[in-house]
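**Student:** I'd like to ask some things about the structure below.
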Amino acid sequence: MRVKELIEFGTKYLKETSEIPNKEARILLAHLLKKDLLWLVTHDMDELTCKEEYVKLLERRGQHEPIEYITNKASFYGEDFYVDERVLIPRPETEILINKVILTCKDIKAPHIVEIGCGSGIISIMLSKLLEDAKVIALDISKDAIEVAKINAQALHVKQNLEFIQSDLLSNLKLEKFDILVSNPPYIADDEPLHVGLSYEPDLALFGGSVGDEILKRIIDAFIARDIKVLACEMGYDQRDKITNYLKQYELEAEFYKDLAGIDRGFIIKKGA
Ligand SMILES: C[S@@+](CC[C@H](N)C(=O)[O-])C[C@H]1O[C@@H](n2cnc3c(N)ncnc32)[C@H](O)[C@@H]1O
1453 MRVKELIEFG TKYLKETSEI PNKEARILLA HLLKKDLLWL VTHDMDELTC KEEYVKLLER
1513 RGQHEPIEYI TNKASFYGED FYVDERVLIP RPETEILINK VILTCKDIKA PHIVEIGCGS
1573 GIISIMLSKL LEDAKVIALD ISKDAIEVAK INAQALHVKQ NLEFIQSDLL SNLKLEKFDI
1633 LVSNPPYIAD DEPLHVGLSY EPDLALFGGS VGDEILKRII DAFIARDIKV LACEMGYDQR
1693 DKITNYLKQY ELEAEFYKDL AGIDRGFIIK KGA
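The opening position of the sequence shown corresponds to residue 1453 in the working numbering, with each subsequent residue numbered one higher.
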């Protein structure tokens, strides 16, 4: 079949699964051929013999496997990150969390930053790249996630100012003093019904406990117990009141922020503010 016929075939195949079937059909074919999307345009009349392998990729996508796991690639903050089923697929709203941390760091010389739950490494890696004088420590309870994050750190040439440690929250972190603790933790309730595509992502990255906010609260406790000035966290759309109430015992208030859809998405807490 010709390139353009394969794309038409793929587009039809993905109509039920995808909101952007033509784009995904092209991405999967380009991935299979190890070419870019432009190549498909300039070679649309080429005859190919890869239909069988292409159908295998379409079948995976047809069963709602996220395209990022099929291509092992996710775009985030203008960079390509390697991803597989060991880590959460980066979400665009997490770019806002990174921007909040950068803003907080603007008056801090050589900020010390620690991240809980680095997953694929997107947050720590971008902060290491964008804040060249920062020292960043990325933690995750999952050894698998740390392996993926290290692949990304190497591919994106981040080494000197970034260290990875396997740790349950801050338990394996020796240093006490940090300027900022950042986290996009799991915050979905264990029994929340999820879209079928999410079933491919690791449970450890999604579920925060029977209510959903348990890990968030443990992160707040860990922040209080250490000499850390600022906590910047992503959270679920319905967790604002729960966080506000939880902070009362510490006589602290959070500054909440919304995502681009106007939905509550995270908060910043500053000690002594
Ligand atoms: C929602 S994912 C976020 C991954 C990545 N930071 C991102 O924004 O895409 C949460 C991460 O927290 C990790 N995690 C879950 N429980 C943890 C714990 N108790 N201590 C440290 N990391 C934990 C998971 O393994 C997962 O990689």
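Glycine included, each C-beta is placed from N, C-alpha and C at the ideal position.
Quick check: residue 1591 and residue 1570, are their CB atoms within less than 8 Å of each other?
**Tutor:** In the sequence shown, counting from the first residue as 1, residue 1591 sits at position 139. In the sequence shown, counting from the first residue as 1, residue 1570 sits at position 118. Yes, the Cβ-Cβ distance between residue 1591 and residue 1570 is below 8 Å.
**Student:** Given a cut-off of 8 Å, decide if residue 1574 and residue 1542 are closer than it, judged by their beta-carbon atoms.
**Tutor:** Position 90 of the sequence shown, counted from the start, is the residue given in the question as residue 1542. Position 122 of the sequence shown, counted from the start, is the residue given in the question as residue 1574. One thing to note: residue 1542 has its Cβ within 8 Å of the Cβ of residue 1574.
**Student:** Could you check whether the stretch 1471-1482 touches the stretch 1454-1462, counting it as contact only if at least three pairs of C-beta atoms, one from each stretch, sit closer than 8 Å?
**Tutor:** yes
**Student:** Throw me the rounded Cβ distance for the residue 1564 and residue 1626 pair, which I believe falls under 8 Å.
**Tutor:** Position 112 of the sequence shown, counted from the first residue, corresponds to residue 1564. Position 174 of the sequence shown, counted from the first residue, corresponds to residue 1626. With a Cβ gap of about 13 Å, residue 1564 and residue 1626 do not count as contacting.
**Student:** To the nearest angstrom, report how far apart residue 1652 and residue 1494 are at their CA atoms.
**Tutor:** In the sequence shown, counting from the first residue as 1, residue 1652 sits at position 200. In the sequence shown, counting from the first residue as 1, residue 1494 sits at position 42. When rounded, the distance between both Cα atoms is 34 Å.
**Student:** Which residue from 1717, 1687, 1715 and 1721 puts its Cα closest to that of residue 1703?
**Tutor:** Here residue 1703 refers to the residue found at position 251 when the sequence shown is read from its first residue. Among 1717, 1687, 1715 and 1721, the Cα nearest to that of residue 1703 is on 1721.
**Student:** Take residue 1470 and list the residues in its own chain whose beta-carbon comes closer than 6 Å to its own, dropping the five residues that flank it on each side.
**Tutor:** The sequence position of residue 1470 within the sequence shown is 18, counting from 1. So the list reads 1476, once near-sequence residues are dropped.
**Student:** Is it buried or exposed, residue 1562, if we count other Cβ atoms within 10 angstroms and call 16 or more buried?
**Tutor:** The sequence position of residue 1562 within the sequence shown is 110, counting from 1. Only exposed fits residue 1562, as fewer than 16 other CB atoms lie within 10 angstroms of its CB.
**Student:** On the DSSP letters alone, give me the boundaries of the beta strand (DSSP E) that residue 1593 sits inside.
**Tutor:** Within the sequence shown, the letter at position 141 stands for residue 1593. Where residue 1593 is concerned, there is no enclosing beta strand (DSSP E), given that its DSSP letter is neither H nor E.
**Student:** Can you find the residues in the same chain that come closer than 7 Å, C-beta to C-beta, to residue 1463, ignoring five residues on each side of it along the sequence?
**Tutor:** Along the sequence shown, one-based indexing puts residue 1463 at 11. Excluding positions up to five away in sequence, the list reads 1473, 1474 and 1477.
**Student:** CB-CB under 7 Å to residue 1670, same chain, minus the five flanking residues each way: which ones, in chain order?
**Tutor:** Position 218 of the sequence shown, counted from the start, is the residue given in the question as residue 1670. Correct list, in chain order: 1621.
**Student:** For residue 1583, which residues of its own chain have a beta-carbon under 7 Å away from its beta-carbon, when the five flanking residues on both sides are left out?
**Tutor:** The residue labelled residue 1583 in the question sits at position 131 within the sequence shown. Excluding sequence neighbours, residue 1583 sits near 1554, 1557 and 1563.
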